[in-house]
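Residue numbers (the numbering used here): 45 to 586.
We treat Cβ as the ideally placed atom computed from N, Cα and C, and that holds for glycine.
The next block holds one structure in the form of structure tokens; read it before the comments.
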Amino acid sequence: MFKNLILICIVANTHTFAATYYVSKNGNDTNPGTFSQPWLTLQKATNTLTAGDSVFIRQGIYNERLVPLNSGNVTNYITYMAFPGEDVVLEGINITLPDELAGMIDIRGKGFINVMGFKIQNAKPYDNNAGIFIDSCQFIFLFNNHTYNTVSSGIGIWNSKNIIVENNEVELANNDGEQENISIVNTDSFIISYNRVHNGGPGTNGGEGIDAKWGSSNGKIFGNEVYEQPDDLGIYLDAWNRRTFNIEIYNNIVHDCTEGIDIASEAGGLLENISIYNNIIYNNTYNGITVGNWGDVGVTQRPINNVSIMNNTIYNNGTTGNWGGAILVENPDAKNILIRNNLCSQNFSYQIAISDTVPLISVLTDHNLIDGFRNDAGEIYGADSVVGDPQFVNVSAYDFHLKSSSPAVDNGDGANAPVFDFANLARPIGNGYDIGAYEYALTFINHLHINPANVFIYPNPFSQNLTLQITHIRKGEKNYHFKLFNMLGAEVFNQELTADNEAIKLNLPSGIYFYIINGFEDSTLAKDGNIGLVGNGKLIVK
């Protein structure tokens, strides 16, 4: 029988005045907010919580917004969290949001706040009404939330810095409104990771799955799955009219959208220092990856500079009656474009194409695998290309691992190549770098999907009691290793965890620590006896 592991870590040498509160549909705002005497409303919680405080929201449907009044600080985050194992819904069906950028969860000018575990639905009625809206904030962590049926974005991040959006589900966003399913706008130092974005609405103006745009910088978009976006593309970067730079897009899966991953400068802003690698892109209506040349009428230049497109696996994009291929460069203002080690297989119109308006000196193309050259206008092989069937393990099941006999094995170029593959295996394995998202391994590891939903930690930061919940543990098995490291990288704690653990006593000084949780070889969850990474992250001891 599956059960959860609850691990309580007790830190003996720290002190705190932070409080933990509770909200319940059976509560009363005149109560003290304890577990046995909870509050009734979210507003009571938002008006009360100060730095270091946490509130657990118990199961139920709450017909109100969550609008925090206060900020935390660098060692004392404020945490708003659904009670573990319970469904907490913020329902907007009877709420009219302001006719502006606004959300059911709405955080403005605040910092050091965690928002975890909520379902937010029916954010309406105006074009820019979102499920979660963040503006002019810093150090906000959005984890394990689910937005559904929002007129605008499921999650919108504006004019902020140091933002993490992790393991959320965004469904039926942009249901006739503006912006994108997840929008990152004029935001610096952001991570968008392990989210599921799917079945978006038509979108009056926008509607892309994930979009970092208009001056955003120093960001990473990885581990996401974007799919079933029949009216819009999967992942998008658009400088608009501001310099947008230093963004990595990697280890994502994008399928069944209009296009896979596109980049553009729609209104003349410089887009530069962009890396697109280790992505798996398939079954999209048009292109897998496009360096685009569209936007506002009257804009004379759309500058894009220093773009690396490497080690992507791009399969079966483009459809009969339309057009489309694996990779298209159509922007004549684009410079320093590198297309290397990509596996382009059976895309409809072409595998790699360069428009005739693009100076060939601007694009370096080499060491790509070409399967299905169509001789379309602008289509090229590139230097040192490999031609032939890539020999996927099971393409009908969209398993794009390579067989040992694949011509992609050891035929890539290691120059500027990513140091890991889609499965987070170190590159290279064997005699050289492989082409595509996967490195071939003699016995490739069937990793546990690195899904932070398997690990639930609260509160964080903490001072005395920390609860660590890992789902799907069989009682009596030694399933996991839990390791802690300090800021210098020294290991300070290492223990095997089982479902029988109840408490582990620690004695840690205040500071920042990093944890890694791995599965054992004998775990029933690690297929074929292989170890899987379950989760990793940061803990703060106050």
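Distance from Asn-206 to Ile-226 at the Cβ level is roughly 17 Å; contact not present, criterion being Cβ atoms closer than 8 Å.
For Asn-91, the secondary structure class from DSSP, reduced to helix, strand or coil, is helix. In the structure shown, Ile-560 falls within a strand segment according to DSSP collapsed to helix, strand and coil. Taking a contact as a CB-CB distance under 8 Å, the pair Val-99 and Tyr-121 does not count as one, their CB atoms being some 12 Å apart. Per DSSP, the continuous beta strand (DSSP E) segment holding Asp-232 begins and ends at 232 to 237.
Note that the C-beta distance between Trp-202 and Asp-171 is not below 8 Å. Between Ala-63 and Asp-97, the gap from beta carbon to beta carbon is short of 8 Å. Here Asn-120 is bridged, per DSSP, to Asn-117.
The segment 154 to 167 makes contact with the segment 130 to 143; the number of CB pairs closer than 8 Å reaches 3 or more. Contact annotation: Pro-347 and Asp-306 have beta-carbon atoms that are not nearer than 8 Å. Taken through DSSP and simplified to helix, strand or coil, Ala-470 comes out as strand.
Approximately 5 Å separates the beta-carbon atoms of Asp-454 and Asn-475; this is inside 8 Å, confirming the contact. Measuring C-alpha to C-alpha distances from Trp-258 to each of Leu-113, Asn-75 and Thr-231 identifies Thr-231 as the nearest.
When the beta-carbon positions are compared, Gly-198 and Gly-155 stay at least 8 Å from each other. Minimum Cα-Cα distance from Ile-149 among the listed residues Phe-392, His-190, Phe-183 and Gly-426 corresponds to His-190. A residue is called buried once 16 or more other Cβ atoms fall within 10 Å of its Cβ, and Val-373 is buried on that count. Between Lys-168 and the set Leu-141, Gly-153, Tyr-326 and Phe-185, the nearest pair of CA atoms involves Leu-141. Taking a C-beta distance under 8 Å as the contact criterion, Phe-177 and Leu-134 do not qualify as a contact pair. The Cβ-Cβ distance between Ser-393 and Tyr-359 does not fall below 8 Å.
Taken through DSSP and simplified to helix, strand or coil, Ser-261 comes out as strand.
The residue among Gly-480, Thr-94, Glu-540 and Ile-293 with its C-alpha nearest the C-alpha of Ile-414 is Gly-480. At the C-beta level, Tyr-326 and Asn-385 stay beyond 8 Å of one another. Residue environment analysis places Glu-272 among the exposed positions, since fewer than 16 neighbouring C-beta atoms fall within 10 angstroms of its C-beta. Of the residues assessed, Pro-462 falls on the buried side of the cut-off, its CB having 16 or more other CB atoms within 10 angstroms.
In the three-state reduction of the DSSP assignment, Leu-404 falls in the helix class, which pools H, G and I.
Leu-277 carries a coil assignment under DSSP once its states are collapsed to helix, strand and coil.
For Ile-396 against Glu-423, the beta-carbon gap comes to about 7 Å, under 8 Å, which counts as contact. Asn-262 is a Cβ neighbour of Asn-290, given a cutoff of 8 Å. With a cutoff of 8 Å on beta-carbon distance, Tyr-294 and Asp-255 are scored as not near each other.
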